[in-house]
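Chemist:
Protein chains in written order, with the UniProt record's numbering: chain B, 1 to 436; chain Z, 1 to 436.
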């Protein structure tokens, strides 16, 4: 099915910061993004934070002649913000919603309302099956005290699971998006080590862009620079990752980022920099008509992977502990509300039984206190349900991680050459290593 | 990698009806189910409605010597209820939560709290990669006026997507579970036609069980028989589906169901009958080391598939229309609550400006009305958010269905022999065929 000539593919990724009425110069920037995409004549553009469907439809119209195929992934209250524009026919689309994604009561952070997810589109380029993934993980608001870390680790876990499980039939896998994680962060390592995806920044033969590949820089006028100072003025949190298969060798010819302001304009495309990667697909000589079936990492990377999964499991356990504590607090507060309500009703009921006794409550206070108790009861009930769902999701992830570790240990036993690795943790040791 | 000798595999599926304190004889029945599984010495047991983790742990302990491997899928508030017991090592587990699953305020139906999902476990049996799926879809409470039909259709759509996308590398695919759909229902057809999964009831060389393969029968003492009368005393809503690959031919040697009461006991295992299927895997002569890569249906079934997807899309549109109407009602009620609150505050504020004017409100009524308005506002806000999420999920599914239809039409163009099919609907026609 595959052609024998090498194929070039240019992939674009940008977090568009498209919050209507809140993001600065939102409409103008979408015009500029559209111009850029039309001018660049890419193969695939992966956009994040296209929160408003109107903006997607605007781009769809503007880009129609160059990118006849597109897909907008809908999820959550606002949407997933994920959009794909492609010059190649999109044969299929599939969305996986992350099981954890912040808290609805943290409305100022808004992630919960966005319904973060990973979207997959299936392309057929010159006979090659190309699986393209686009995602946007939960934002990091405070690196020192990152209360969303367990959620992001669960998202990274689910992302790697989704990619591994759905791309067994792929000749080429490409993932673009805003991972909200630095290159050496736990989640990034988990994703790269488990899926075997390569980072186009490290692999590119040629790079042109911001220092160290930063995609979120302090020079950007839309950026809060304070958070970026400890990192030398920028962080790399947007990625284009890729891998080939037994059928196709994939190499990254070049990677470039935008560098702040758009030429001739007072502002940049977004608060993130855009990435453009150019890939070369070279069909292998083997050409046996089937890609590698063993998805996942190669055996000499197993010890590293096992350690990463152990580390992730610890983080999930920490999250689980917090979540259980929050659920407990919600339950306790709810019970207090209930006791107070019962007490109030009991006191109010006294005059009914003891005739002649005066109503001890002024009516206004009675109703106010009753309403308060009821509000406490209702809100703690909802919080209890919410935290229980969180606990279940974290427990589920931890179970899956334990299963994965036991399976990875089994695999390592079968390939004794890597057994020498001393720094390998046993899953049972790690089980006891977190005392919370 | 594969062996050349045929392999036998026995698969079991049962909806256990394990609602502690609500289901009758729950604990006793789990003892009986455990006894049955130990006695039958199956390869894989797929259980649904194991709602309480304690019951899973009880079974895990009881079955440990025969089924050393197990996995319990956690999701939602209560759990997904899905459990797998296996004699073969489980190498990996992955869970997909359905995006729609009833309503939280329909607490008497409880589906929303269960976090319905499809679980996947990966087995390696004598060198063959066997992907085993277990699921439980939203219940049908009233067939004539089934308000959950769009949710179940979305679930069936996501189920077929999940199976198609994650099983490209499988030699054998097996799905067991309670689909809550009759054999010819839209969702069942969608699932079977799109994935190419075969029904073990139709395919089995030998069948021993309830009439017509019923798994929910009126003779069952736990069943509400009224609903089953129009269907001749039973329905078939539990299934074991399967398919092979280019690597392995799979045939169903036999299928059996339990037939009501457990011998020597006054009650049956559950309110559903259990299914046991025996498969024979015969490695094909081809043995080229790779399974078929083209997942999904074969081209001569395309017209039927296109019609099924069109039908499903219509159902999703009907659901979308209802959901948008509910959201609209929530918004309108919320605005009325807000107006009433503002009005009340305005009237109460009159004495502040017009000195000497008397407070028009008795204090108690004032607080009561205020609390009522506030409660209306809050609950309609939550309903608005909930319905918006539902609308987004339905819109997203409809978009995916449209994309799939256009891709299927493209495929049909490439295989002109099936073009003669007159009963084929064009996706654009179907777009206009629903005027809501």
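Ideal Cβ positions, reconstructed from N, Cα and C, are used throughout, including at glycine.
Grouping DSSP H, G and I as helix and E and B as strand, with all else coil, what is residue 49/Z?
Modeler: In the second chain, counting from the first residue as 1, residue 49/Z sits at position 49. Note: residue 49/Z maps to coil in three-state DSSP.
Chemist: Run through the DSSP bridge pairs and tell me what residue 279/Z is partnered with.
Modeler: Within the second chain, residue 279/Z is the residue found at index 279, counting from 1. Residue 279/Z pairs with 9/Z and 252/Z.
Chemist: Identify every residue that forms a DSSP beta bridge with residue 15/B.
Modeler: Working through the first chain from its first residue, we reach residue 15/B at position 15. Answer by DSSP bridge pairing, in chain order: 48/B.
Chemist: State the Cα-Cα distance for the pair residue 46/B and residue 134/B, rounded to the nearest angstrom.
Modeler: Stepping through the first chain from its first residue, residue 46/B is reached at position 46. Stepping through the first chain from its first residue, residue 134/B is reached at position 134. When rounded, the distance between both Cα atoms is 6 angstroms.
Chemist: Could you check what DSSP says for residue 231/Z in three-state terms: helix, strand or coil?
Modeler: What you label residue 231/Z is simply residue 231 of the second chain in a count that begins at 1. Residue 231/Z: helix per DSSP, three-state reduction.
Chemist: Along chain Z, in chain order, which residues have C-beta atoms closer than 7 angstroms to that of residue 368/B?
Modeler: The residue given as residue 368/B occupies position 368 in the first chain. Correct list: 367.
Chemist: Express the C-alpha separation of residue 201/Z and residue 394/Z in angstroms, rounding to a whole number.
Modeler: Start at 1 with the first residue of the second chain, and residue 394/Z comes out as number 394. Start at 1 with the first residue of the second chain, and residue 201/Z comes out as number 201. Distance between the alpha carbons of residue 394/Z and residue 201/Z is about 32 angstroms.
Chemist: Just the Cα atoms here: how many angstroms apart are residue 38/Z and residue 30/Z?
Modeler: Locating residue 38/Z in the second chain gives position 38, counting from the first residue. Locating residue 30/Z in the second chain gives position 30, counting from the first residue. If you take the alpha carbons of residue 38/Z and residue 30/Z, they lie about 12 angstroms apart.
Chemist: Out of curiosity, what's the CA-to-CA distance linking residue 164/B and residue 49/B?
Modeler: Here residue 164/B is taken as the residue at index 164 of the first chain, counted from 1. Here residue 49/B is taken as the residue at index 49 of the first chain, counted from 1. Distance between the alpha carbons of residue 164/B and residue 49/B: 25 angstroms.
Chemist: What residues are listed by DSSP as bridge partners for residue 375/B?
Modeler: Numbered from 1 along the first chain, position 375 holds the residue referred to as residue 375/B. Answer is none; residue 375/B lacks a bridge partner.
Chemist: What's the C-alpha gap between residue 228/B and residue 222/B?
Modeler: What you label residue 228/B is simply residue 228 of the first chain in a count that begins at 1. What you label residue 222/B is simply residue 222 of the first chain in a count that begins at 1. If you take the alpha carbons of residue 228/B and residue 222/B, they lie about 13 angstroms apart.
Chemist: Does the Cβ-Cβ distance between residue 214/Z and residue 250/Z come in under 7 angstroms?
Modeler: In the second chain, the residue the question calls residue 214/Z occupies position 214. In the second chain, the residue the question calls residue 250/Z occupies position 250. Going by C-beta atoms, residue 214/Z is not nearer than 7 angstroms to residue 250/Z.
Chemist: If you measure between the beta carbons of residue 126/Z and residue 44/Z, is that distance less than 7 angstroms?
Modeler: Within the second chain, numbered from 1, the residue matching residue 126/Z stands at position 126. Within the second chain, numbered from 1, the residue matching residue 44/Z stands at position 44. It is not a contact, given that the beta carbons lie outside the stated cut-off.
Chemist: Residues of chain Z with CB under 9 angstroms from residue 103/B, in chain order?
Modeler: For this step, residue 103/B is matched to residue 103 along the first chain. Those within 9 angstroms of residue 103/B in chain Z number zero; the least Cβ separation is about 13 angstroms.
Chemist: Using a Cβ-Cβ cut-off of 7 angstroms, state whether residue 165/B counts as contacting chain Z.
Modeler: Mapped onto the first chain, residue 165/B falls at position 165. Yes, residue 165/B lies at the interface with chain Z (some Cβ there is under 7 angstroms from its Cβ).
Chemist: Locate the alpha helix (DSSP H) running through residue 129/Z, then write down its first and last residues.
Modeler: Working through the second chain from its first residue, we reach residue 129/Z at position 129. Taken as a continuous stretch (DSSP letters only), residue 129/Z belongs to no alpha helix (DSSP H), being part of the beta strand (DSSP E) at 128–136.
Chemist: Taking beta-carbon pairs under 9 angstroms, can you tell me which members of the region 70–96 of chain Z lie near chain B?
Modeler: Within the region 70–96 of chain Z, the residues whose Cβ lies closer than 9 angstroms to some Cβ of chain B are 71, 72, 73, 74, 75, 76, 77, 78, 79, 80, 89, 90, 91, 92, 93, 94, 95 and 96, listed in chain order.
Chemist: Check each candidate in 102/Z, 115/Z and 406/Z and name the one with the smallest Cα separation from residue 69/B.
Modeler: Here residue 69/B corresponds to residue number 69 of the first chain, with the count starting at 1. Looking at the Cα atoms, 406/Z is the closest of the given residues.
Chemist: Looking only at its own chain, which residues have a Cβ that is under 6 angstroms from the Cβ of residue 294/B, when we skip the five neighbours before and after it?
Modeler: Translated into positions along the first chain, residue 294/B becomes position 294. Confidence in residue 294/B is poor, its pLDDT being 45 and thus under 50, which makes the residue's placement too unreliable to answer from.
Chemist: Chain B beta carbons: is any one of them nearer than 7 angstroms to that of residue 292/Z?
Modeler: As a working mapping, residue 292/Z is identified with position 292 in the second chain. Only weak support exists for where residue 292/Z lies, its pLDDT of 44 falling under 50; the value from the coordinates is given anyway. No - not a single Cβ of chain B is within 7 angstroms of the one on residue 292/Z.
Chemist: Short of 6 angstroms in beta carbon distance, which residues of its chain neighbour residue 204/B, apart from the five on each side in sequence? Order them along the chain.
Modeler: Along the first chain, one-based indexing puts residue 204/B at 204. So the qualifying residues of the chain are 252, 254 and 255.
Chemist: Contact defined as beta carbons within less than 8 angstroms: I believe residue 181/Z pairs with residue 143/Z. What is the distance between those atoms, to the nearest angstrom?
Modeler: For the purposes of this step, residue 181/Z is taken as residue 181 along the second chain, with counting starting at 1. For the purposes of this step, residue 143/Z is taken as residue 143 along the second chain, with counting starting at 1. Between residue 143/Z and residue 181/Z the Cβ distance is about 11 angstroms, and since that is not below 8 angstroms, they are no contact.
Chemist: Below 7 angstroms on C-beta distance, what does residue 364/B contact in chain Z?
Modeler: In the first chain, the residue the question calls residue 364/B occupies position 364. What residue 364/B touches in chain Z: 363, 364 and 367.
Chemist: Give a yes or no on whether 7 angstroms exceeds the smallest Cβ distance from residue 161/Z to chain B.
Modeler: Working through the second chain from its first residue, we reach residue 161/Z at position 161. For residue 161/Z, the answer is yes, since a Cβ of chain B falls inside 7 angstroms of its Cβ.
Chemist: Residue range of the alpha helix (DSSP H) that residue 310/Z falls in?
Modeler: By one-based count along the second chain, residue 310/Z stands at place 310. It spans 302–353 - the alpha helix (DSSP H) in which residue 310/Z sits, taken as one unbroken run.
Chemist: Taking the C-alpha atoms as reference points, what is the distance between residue 373/Z and residue 340/Z?
Modeler: Counted from its first residue, the second chain places residue 373/Z at position 373. Counted from its first residue, the second chain places residue 340/Z at position 340. C-alpha separation (whole angstroms): 7 angstroms.
Chemist: Tell me which residues share the same chain as residue 346/B and place their Cβ nearer than 7 angstroms to its Cβ, disregarding the 5 neighbours each side in the sequence.
Modeler: Residue mapping note: residue 346/B aligns to position 346 of the first chain, counting from 1. Hits under 7 angstroms: none found.
Chemist: Using a beta-carbon distance below 7 angstroms, is residue 371/Z in contact with chain B?
Modeler: Position 371 of the second chain holds residue 371/Z. Yes, its Cβ sits closer than 7 angstroms to a Cβ of chain B.
Chemist: Taking C-beta pairs closer than 9 angstroms, name the residues in chain Z that residue 392/B reaches, listed in chain order.
Modeler: Position 392 of the first chain holds residue 392/B. Those within 9 angstroms of residue 392/B in chain Z are 74, 75, 76, 77, 78, 79, 80 and 115.
Chemist: With 16 as the cutoff for other CB atoms within 10 Å, does residue 161/Z come out buried or exposed?
Modeler: Here the question's residue 161/Z lines up with position 161 in the second chain. Buried, by the Cβ-count rule.
Chemist: In the DSSP output, what is residue 96/B paired with across the bridge?
Modeler: In the first chain, residue 96/B corresponds to position 96, counting from 1. Paired residue(s): 118/B.
Chemist: Is there a Cβ of chain Z sitting closer than 7 angstroms to that of residue 191/B, yes or no?
Modeler: Start at 1 with the first residue of the first chain, and residue 191/B comes out as number 191. No, residue 191/B lies away from the interface with chain Z (no Cβ there is under 7 angstroms from its Cβ).
Chemist: Would DSSP call residue 438/Z helix, strand or coil?
Modeler: Residue 438/Z lies beyond the range of chain Z shown here (1 to 436); nothing can be said about it.
Chemist: When the distance is taken between beta carbons, is residue 118/Z closer than 7 angstroms to residue 84/Z?
Modeler: Residue mapping note: residue 84/Z aligns to position 84 of the second chain, counting from 1. Residue mapping note: residue 118/Z aligns to position 118 of the second chain, counting from 1. No, they are not a contact pair.
Chemist: Please decide whether residue 352/B counts as near chain Z, where near means a Cβ-Cβ distance under 7 angstroms.
Modeler: On the first chain, position 352 is the one that residue 352/B refers to. No, residue 352/B does not count as interfacial toward chain Z.
Chemist: Using the beta-carbon of each residue, which ones in chain B are nearer than 9 angstroms to residue 407/Z?
Modeler: Sequence index remark: in the second chain, residue 407/Z carries index 407 (1-based). In chain order: 89, 90, 91, 92 and 122.
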